[in-house]
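First up is the structure itself, then whatever we jot down about it.
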Amino acid sequence: VSAAGRLAVALGAARRILVFTGAGISTASGIPDYRGPSGVWKTRRPVVYDEFLHDPEARERYWRQKAEDWEAWGRHAEPNAVHRAIVALEAAGRIEMVVTQNVDGLHRAAGTDPSRLVEIHGTNALVECQRCGRRDEASRHYEAILGGGQAPVCDCGGLLKPATISFGQALREEDLARAVGAARRCDLALALGSTLTVTPAADIPLEAHRRGAPYVIVNRGATAHDGLPGVTRIDGDVVEILPPAVRAVLEGDGWPYSGEGAPH
Ligand SMILES: [Zn+2]
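If you're matching positions, the sequence shown starts at 77 in the working numbering and goes up one per residue.
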């Protein structure tokens with residue numbers, strides 16, 4: 077049985093799937109995996125949250141890095157077949173929640189309903205005022221920085237920052253609560269393209285596993301949850317495995333794409 081066939085069997089009749097995604101699902105959209113061997117983290121010193129707030133030089137450096145990343149790959153990145161397969165599962169009424177570690181905004185761009193999406197590490201697609209909390213599209217701020225502008229400030233005078241969780245910054249309690257709530261309600265946990273090493277995010281599918289929900293992990297290479305009792309482990313590239321599996325499960329049941337194979 078192929079990897080996609082094994083996954084299709086595991087998806088089976090699940091109606092409340094918790095999907096947990098990591099960097100491995102976005103590499104097919106041209107987004108580099110920060111933890112890979114040539115990851116950006118190997119060559120750049122990250123700006124921690126406290127520095128962003130209190131050190132103007134670090135704040136300018138942070139914004140420049142974000143704007144350069146946006147120019148290099150974020151600006152033109154499009155959702156891929158994995159993002160669209162997850163939307164197809166949602167359209168078929170099978171998704172409880174999509175929880176992503178990715179900050180690229182591609183689930184939202186693909187059409188995942190915001191009420192069924194938790195961007196647990198935030199998103200680079202928005203900026204957020206660190207004083208009043210107001211959120212706004214990020215692209216015009218990146219453009220301004222690339223044009224020589226300085227770190228932007230909100231109308232209220234507060235500092236604007238891309239709406240990601242920085243080093244030294246806690247996860248949003250509301251997001252964590254929505255994710256954990258879904259882990260307690262789901263009838264299947266499906267982890268895609270994540271090494272499951274970053275906590276507390278990776279504890280979310282683990283919570284579903286602890287209360288006895290089936291747990292399926294699709295990833296190329298080892299994960300921190302390999303070897304847990306009862307886990308279905310499928311090794312390989314998720315972009316080659318999930319779309320045909322979802323197609324097999326939904327065929328005759330609302331699969332929205334025509335033609336053979338995975339959606340492009
Ligand atoms: Zn403000």
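C-beta: ideal position from N, C-alpha, C; glycine also.
Since we're looking at a predicted model, the values are computed, not measured.
By the criterion of a C-beta distance shorter than 8 Å, Val314 is surrounded in its chain by Gly100, Ile101, Val158, Leu268, Gly269, Val294, Asn295 and Arg296, once the five residues flanking it on both sides are discounted. In this structure, the C-beta of Arg135 stays at least 6 Å away from each heavy atom of ligand 1. Gly81: member of the alpha helix (DSSP H) spanning Ala79 to Leu87, first to last residue. No Cβ-Cβ contact shorter than 7 Å links Glu204 with Ala253. The three-state reading of DSSP puts Glu213 in strand, counting E and B together.
Contact annotation, Gln177 with Thr273: C-beta distance approximately 10 Å; criterion of less than 8 Å not satisfied. Inter-segment contact for the segment 164-178 and the segment 121-129 is absent: fewer than three beta-carbon pairs are separated by less than 8 Å. With a threshold of 6 Å, the Cβ atom of Cys262 does not count as near ligand 1, since no heavy atom of the ligand is closer than that. DSSP lists Ala265 and Val307 as the beta-bridge partner residues of Tyr291.
If you draw a 10 Å sphere on the C-beta of Cys208, you find fewer than 16 other C-beta atoms in it, and that means exposed. DSSP places Pro320 in the helix class (H, G or I) of the three-state scheme. Under the DSSP assignment, Leu202 falls in the beta strand (DSSP E) whose first and last residues are Gly198 to Cys205.
Ligand 1 has a heavy atom closer than 6 Å to the beta-carbon of Arg210.
According to the DSSP assignment, Glu195 belongs to the beta strand (DSSP E) that extends over Leu193 to Glu195.
Arg92 sits away from Arg260, with the two beta carbons spaced by 7 Å or more.
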